[in-house]
Amino acid sequence: MSNIKLFVNKQIRTVWNEADEKWYFVVADVIQVFTSTPNPSDYNKKMRKRDEELSKGWGQFVTPLSVETIGGKQKLNCSNAKGLLRIILFIPSPKAEPFELWLAQVGSDRLDEIENPELAT
Numbered sequence: 028m029s030n031i032k033l034f035v036n037k038q039i040r041t042v043w044n045e046a047d048e049k050w051y052f053v054v055a056d057v058i059q060v061f062t063s064t065p066n067p068s069d070y071n072k073k074m075r076k077r078d079e080e081l082s083k084g085w086g087q088f089v090t091p092l093s094v095e096t097i098g099g100k101q102k103l104n105c106s107n108a109k110g111l112l113r114i115i116l117f118i119p120s121p122k123a124e125p126f127e128l129w130l131a132q133v134g135s136d137r138l139d140e141i142e143n144p145e146l147a148t
């Protein structure tokens, strides 16, 4: 995990969601970090248009929440950690690759622990 320093010196706005008692992350901020696009909203639209599965499931893992911005509170698309991981997997960017490899390793480790519970200790 020491290779994953994607969020160093980058601002990812977060908001606590009382409804499910979880932290949510501003999707546009994460897209900006992984793509360096000057227009994360446009990138998001193109990404969803390009991938039907992402577009179909968007409402299941993205929630508009009030976030403090320079212009005051605004409703922005936010996602909890689980949804954010799904979104990152749809970002075709070399910056996302180390994160995706780490996620694959964590998933593989978890499957190994399910098969052999002694590994979890």
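Letter by letter, the sequence shown follows residues 28 to 148 of the working numbering.
The C-beta atom is built at its ideal place from N, Cα and C for all residues, glycine as well.
Predicted model, so just to flag it, every value in this text is computed and none were measured.
Sequence-distant Cβ neighbours of S82 in its own chain, meaning closer than 8 Å and more than five residues away, are R75 and K76. Annotation: S93 to N107 spans about 14 Å, alpha carbon to alpha carbon. K37 sits in coil when the DSSP states are folded into three classes, being neither helix nor strand. Annotation for N71: the continuous alpha helix (DSSP H) segment containing it runs P67 to R77. DSSP places V57 in no beta strand (DSSP E) but in the uninterrupted alpha helix (DSSP H) bounded by V54 to T62.
K100 sits in a strand when the DSSP states are folded into three classes.
Where A108 is concerned, the enclosing alpha helix (DSSP H) starts and stops at A108 to L116. F61 is positioned such that its CB atom lies no closer than 7 Å to that of S135. C-alpha of P125 to C-alpha of E95: approximately 30 Å in a straight line. In the DSSP annotation of this structure, the continuous segment of the alpha helix (DSSP H) that includes L138 starts and ends at E124 to E142.
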